[in-house]
Structure formats: structure tokens, C-alpha cells
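J.: Numbering (this note's numbering), first residue to last: 182 to 666.
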Amino acid sequence: MTLSVSILQISDLHRERSSPIRNDALLSSLQNDRDRYATGRDSVAIRPPDIIVVSGDIIRGAPPGTTDYEAQLSDQYQEAIRFLEALTQRLLAGDRGRLVLVPGNHDVSACHFMKSLERLHVAADSKKDFLSQLFHPGSSLRWSWRELGLYKVADEEHYAQRLASFAAFYTEFYQGRRTFDLDPSKQFEMFDYPDFNLTVVGFSSCHENDFFNKQGAIHPGCIAEASLALRYPRFNGRLQAAVWHHNTEGIPSQTNYMDAGILQNLIDSGFSIGLHGHQHRPQCFDTRFNYGGNARISVISAGTLCGSASPRFGRSYNIIELDLERRKGRLHVREMLNDDLERPIWGCRSLPPGTNPYLAFTFDPPPPSSVAPPPTTTVLLEAQRLHVAAKYAEAAELLLPLASTDDLARRLLLDCFGKLNDTAGIAAHFDPPLSETEAIYLMEALWAEQNLERLCVLLGEPIVAESSDPAVDETRRKYQARLAG
């Protein structure tokens, strides 16, 4: 086991065929820079990357009103795949499993979003009601300042398709070994590196993010499920790192950042390192736990690789060296030093106000090891392995005997049934539902199985009718409307 690791963090690639920074020139420049910093020719010697993290905004995107937007998105993602495949070949000997991908706001299709909308005409006596709904978490209402108009997300399927092009790109890059789920509660992926005693979890921070709602968010179900999975004994002693896209602070006139409270959830889940992009400037800071204890997360932001740089910074990327034994890190910022986009040259950049060639930091240790595993642990671990390998039917077969007595097995079984679209299995084994998540799955399953009598009863049960969860409420109203029609 290696007790140190080097992470190449790039972000905000904004790839498109017409980009002024061509794939071949960009790849050559990054490889030349690797050869330079690995020998310490322009600063200190830096360990070559063991892992690559791409923290969102893979492509430029297509603006609303683009007629051939699906073709444009596909073309941009093909440009990104060509770049990332070649980068993996040159720096990681072709091992795509050592490259972590997450989406950014530019990966959210504005055109798919616009097709999901319905314009609302607001009567004077209903303005107050609409205003309270507009700012309610999980609201389907959207306000357009450009048109001074109120809209509603009326087509949920088109809304979910905002990330369909990214999902197709994700599956293609990982050659089918990993997939990106369009269900926002499942938009996370675990990348385990036992050789480096490190587990990286990639989160989508694009929950409810769209052309009218710029704010970033990670679905709470993703953090909860990742936290539960990380309690398996196989992850004992692993340093835990989280990757997402949006920054967690901004000036008062901005709304396009993520609530910093989400960092508290990540700290509570045992994450010591956080990596993101979006703000187009490098940064490193610590956030401490506000609810007892002294835990913290060390958060590192990467600048933009190919987009427009923020004031005082050029285009840049990071190399992060982690000494896991001593819990010490070095952040190396590599900035574009010239103005020739066809022949980029990268070099060392100090983070102000310092003048050192790197920023030294410390980070928290991994969370305490789990307690001694119960007798069912061996089966659960095997089911987890099958689940990660996308062998959902085999995993479900192992989980079925445990699901009635083990909460982790029940959660994992529900996800397997969901991945398999096994609505009959959900209806048979999750009725009555024990959680709001199960209630959502069950409503969908009962409709698919056309068990309308049971669905009608479920809609009136307290776990559905009295729920304050916006997702439960939205699903309940959807099926009430269908049953009424």
C-alpha cells in the first residue's frame, strides 16, 4: 500500500470543436509540463499524477433556442472524450478507472430544460401564494428575469433529460463499467483506490440546477447513501475525498454557488478532502464542523483549464500531493504563462498572499474504523461488490433474505430493483414503505404494475399524505392527477 498519492485536478474544460485551445496542443502542453514539474526544473519536484479528477463543466453547452442542440452537445462531448482518453493514455497508462468525472452547470442542457417548462399566468389575488412556492425548497416554479415571467417545470421527463447527454458521455468514457443515473438521488459514484488507501466519491452538485435556477446543490440522498456505503469494513482506514463542481461562497449579487451547509454534511460523513471547480480560480480553505467536535474538511478549488479566467488568475490546474501517513498536503497551482492559446505553456503559480511555489496544508484523518462486523457482513460486502459492478440481479438475490432485518441491505436492495426497473419486485418487497424514499419508489411501481386500488390507498397514508418532502409531495400530486383523469 502506498502512503502518498498525487492528484491532478482539472476543471471547467468547456470543450467544443471550435475552442481556441485545441486538444492536441492542450495534451502536448500538459505532458510537457508533467515532464517539467516531475524533475523540479522550474520549482520543486512534484510527484506525477496517480489519479485525475475532473471537477465539472466538461463542455461549453448549447444556449436556449439552439435548433440542433442534441447534435451540438454530442459533438462537444466527443471532443471531450478524445481529450480525456488521450490524457488518460499519456498520464495514467490508459487506466480510466483512475479518472474521476462529475458534471457541472455547463453540462446541464438549457434546451432540454426549456422544453420542460410551462408559462404561468398569475392572477393578482394569487401572487402571494406563488411567491411563497417559488422560494420553497424543491419548488417546480421558476422565475425568468429576462422575460419577467413565471414558469413551472411541467414535464418531469424532459427536466430529468437535462443531464442525459452527460450521462451518455459518462457511460461511453467508462466503456459501460460505470453509468450516470438521471435520478438525482443516485447521482454519486464511488471510486475506491485501496493501493493508495483512498476513496473518492464523485457527487453531482447540479440537483435542481438549470437555466433559471443557477444555485448548485447535492441531493441529500446522495450524501446519505454514500455515507452508509463508506461504513462497510472494506473502507476502514481509507482517507475519504469528495468531488463536486460548485463553489460554496460568492458575492451578494450571485446565486450560482452551493450552500456551504452541505460541507457540514460531508464533514459529518467522514470526508477529509473536498475538490471542486466552477469559480475559475484556485483556492484552498478549511471548514470546521459547527455542531460539536473539531472535525473539518480541507476544500480545494481548481481554476479553469480552458475557459475565461477570473481576475488576478490565468487559466490553471492543480497538482495535489497527499502524505496520508503524516496527513500533510501540498497544493501546486500550474498556471498558463503565455498568451498563445495555440501553444500553451504552464508553470508554477503562488497562491496570494504567499510567495512559496506551493501551499502546504494539513487534513483530518479518516473516520474511526467501523465496529466488528455482524455475521451478515460477508454477504453484504459481496452484494456491495456486485452492485458496484452493475450486477444488480445477482446482488438483489443475495440481499433479499437480509432486507427484512438489515437496513443497509434493504436500502441496497431498493436501489438494485430501481436499477433493474423491477417494479414487481418493489411492489412485492417494499409495501408497506418504511421511508419516504421507499414511498416514492412504491408509488411509481404501483402505477407501472397498474395496481391502482392499492396506489389510491397509499396516496392517503400518512407517510405520503403528511410528508413534507418536496419529492414525495410532487410524486403524490402527479399520481392523484393521473388517477383523477
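The beta carbon of each residue, even a glycine, is placed where N, CA and C say it ideally should be.
Curious, which full-length beta strand (DSSP E) runs of at least 3 residues does the region 416 to 447 contain?
T.: 420 to 424
J.: Alpha carbon to alpha carbon, what distance is there between residue 457 and residue 447?
T.: 13 Å
J.: With distances taken Cα to Cα, identify the nearest neighbour of residue 137 among 333, 344, 191.
T.: Beyond the ends of the chain as shown, which are 182 and 666, falls residue 137; an answer cannot be given.
J.: Which of the three DSSP states, helix, strand or coil, is assigned to residue 468?
T.: strand
J.: Using DSSP's beta-bridge definition, name the partner residues of residue 457.
T.: 482
J.: Starting from the Cα of residue 565, find the closest Cα among 428, 319, 436, 373 and give me that residue.
T.: Closest option to residue 565, judged by alpha-carbon separation, among 428, 319, 436, 373: 373.
J.: Given residue 293, which residues of its chain have a CB within under 6 Å of its CB, disregarding the five upstream and five downstream residues?
T.: 339, 342, 343
J.: With DSSP run on the structure shown, which of helix, strand or coil describes residue 383?
T.: strand
J.: Taking 9 Å as the cut-off, decide whether the C-beta atoms of residue 285 and residue 427 are in contact.
T.: yes
J.: Quick one: which unbroken alpha helix (DSSP H) runs of 4-plus residues sit fully inside the region 310 to 363? Chain order, please.
T.: 337 to 341, 345 to 354
J.: If you reduce the DSSP assignment to three classes, tell me which class residue 591 lands in.
T.: Note: residue 591 maps to helix in three-state DSSP.
J.: With a CB to CB cut of under 8 Å and the five nearest residues on each side skipped, what residues in its chain are close to residue 187?
T.: 227, 228, 229, 230, 231, 232, 500, 501, 502, 503
J.: Give the range of the alpha helix (DSSP H) segment to which residue 413 is assigned.
T.: From DSSP, residue 413 is part of no alpha helix (DSSP H); its letter is neither H nor E.
J.: Give the range of the alpha helix (DSSP H) segment to which residue 606 is assigned.
T.: 604 to 610
J.: So if DSSP puts residue 529 in a beta bridge, which residue, or which two residues, is it bridged to?
T.: 515
J.: Beta-carbon within less than 7 Å of residue 460's beta-carbon, same chain only, minus the 5 sequence neighbours each way: which residues are those?
T.: 428, 482, 491
J.: Please find out if some non-hydrogen atom of the ligand SAM comes closer than 8 Å to the beta-carbon of residue 289.
T.: As far as ligands go, the structure on display features none, and thus does not contain the ligand SAM.
J.: Does the Cβ of residue 236 have 16 or more other Cβ atoms within 10 Å, making it buried, or fewer, making it exposed?
T.: Counting Cβ neighbours within 10 Å, residue 236 comes out buried, since at least 16 surround it.
J.: Tell me whether residue 638 is buried or exposed, calling it buried when 16 or more other Cβ atoms sit within 10 Å of its Cβ.
T.: exposed
J.: Answer yes or no: do residue 465 and residue 420 have a C-beta to C-beta separation smaller than 9 Å?
T.: For the pair residue 465 and residue 420, the CB atoms are not nearer than the 9 Å cut-off.
J.: Candidates 505, 486, 430, 489: which alpha carbon is nearest residue 468's?
T.: 430
J.: If you follow the alpha helix (DSSP H) that residue 220 is part of, which residue opens it and which one closes it?
T.: 204 to 220
J.: Kindly list the residues whose CB is nearer than 8 Å to the CB of residue 666, restricted to its own chain and excluding five residues on each side of it in sequence; keep chain order.
T.: none
J.: Buried or exposed: residue 220, going by 16 or more other Cβ atoms within 10 Å of its Cβ?
T.: Under this definition residue 220 is an exposed residue.
J.: Do residue 487 and residue 256 count as a contact pair if the criterion is CB distance below 9 Å?
T.: no
J.: Whose CA, out of 234, 198, 210, lies closest to the CA of residue 189?
T.: 234
J.: What's the C-alpha gap between residue 616 and residue 207?
T.: Between the alpha carbons of residue 616 and residue 207 lies a gap of roughly 49 Å.
J.: In chain order, what residues of the same chain lie with their CB nearer than 6 Å to the CB of residue 299, ignoring the 5 residues before and after it?
T.: Closer than 6 Å at the Cβ level, and outside the excluded window around residue 299, lie 333, 335.
J.: Below 8 Å CB to CB, which residues in the same chain sit around residue 148 once its five sequence neighbours on both sides are set aside?
T.: In this structure the chain extends from 182 to 666, so residue 148 is not present and cannot be described.
J.: So what does DSSP say about residue 554, is it helix, strand or coil?
T.: Interpretation of residue 554 is limited by its pLDDT of 48, a score under 50 that renders its predicted location unreliable; the figure taken from the coordinates is listed afterwards. Three-state result, residue 554: coil.
J.: Could you spell out the range, first to last residue, of the alpha helix (DSSP H) harbouring residue 368?
T.: Element bounds for residue 368: n/a, residue is neither H nor E.
J.: Based on Cα-Cα distance, which residue from 365, 535, 622, 587 lies nearest to residue 560?
T.: For the residues 365, 535, 622, 587, the minimum Cα distance to residue 560 belongs to 587.
J.: Can you tell me the Cα-Cα spacing of residue 611 and residue 463, whole angstroms?
T.: 46 Å
J.: Classify residue 227 as helix, strand or coil using the three-state DSSP reduction.
T.: Residue 227: coil per DSSP, three-state reduction.
J.: Distance, Cα to Cα, residue 547 vs residue 518?
T.: 37 Å
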